[in-house]
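Here the protein sequences come in this chain order: F and A. The working numbering puts the first sequence at residues 1461 to 1598. The working numbering puts the second sequence at residues 11 to 79. A short write-up of the structure that comes next.
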Amino acid sequence: MTPREANRRYLLRFFPSMTLYVILLLTANLIDARYHPQGIALIALAIVPALPILAVIWAMGMAVVEQPDEYVRRKLVHAMLIATALMLAVTTVWSFLEDAGAVPAKPVHLVFPLWCIGLLIAQTWLWFRDRFADDAGA
Amino acid sequence: MTNRLRVLRAERGWSQGDLAERLDVSRQSVNAIETGRYDPSLPLAFRIAELFELSIEEIFVSPSREIAS
């Protein structure tokens, strides 16, 4: 498998999952508002929209596992570690602010989007670092 | 790790893209190795050595020898 094919596979997993997430979330909200389910039905309805997000997390893991180019793979893992560090830093500081009563309870469902923003920042930084090294080495 | 990859590539008139294609890696991998920002794995180092028909030591400078010189 080439790096391009690995990226294509990732996108083919990512975009349908995100589309399904939007559809399931809207449908779940609609059902909840109209029928007000209780008990097991409510739990199932709440969990269903999270399943495509789990698929996205799996796709991200597979993007690392299936990446055939060792340098690109290392950069991806590096970016994921930076994203994890950023997420841990933000949630830790938020927790202390929360304990002090300075901010409201943290929205836990935003932790994964926060990690994704960290990943984007890290990948952009690594891309610029490579770009400048390219210019210096050319 | 210091290496002679850029020189060897230039001697053959290959671009980074040409070398990347021959090694079945990305161009950015070749650039990262040439500039010493990335040390290739042993299997990739062997592929590079076999492509240039040289030993690994003739392409990559051992870090301990680099310090000694």
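Where a beta carbon is used, it is the ideal one built from N, C-alpha and C, also for glycine.
The closest CA to that of F:PRO1509, considering only F:THR1544, F:MET1520, F:TRP1554 and F:LEU1480, is found on F:LEU1480. Bridge partners of A:ASN13 according to DSSP: A:PHE70. Taking the C-beta atoms as reference points, A:SER36 is found nearer than 8 Å to F:TYR1531. Note that the C-beta distance between F:ALA1582 and F:GLN1527 is not below 8 Å. Listed along the chain, the chain A residues whose CB falls inside 8 Å of the CB of F:GLU1530 are VAL35, SER39, PRO50, SER51 and LEU54. Non-local C-beta neighbours of F:ASP1529 in its own chain, meaning closer than 7 Å and more than five positions away in sequence, comprise PRO1463, ordered along the chain.
Using a CB distance cut-off of 8 Å, A:ARG47 counts as an interface residue toward chain F. For F:SER1555, the CB contacts under 8 Å within the same chain, skipping 5 residues up- and downstream, are LYS1566 in chain order. For F:ALA1523, no Cβ of chain A is located within less than 8 Å of the residue's own Cβ.
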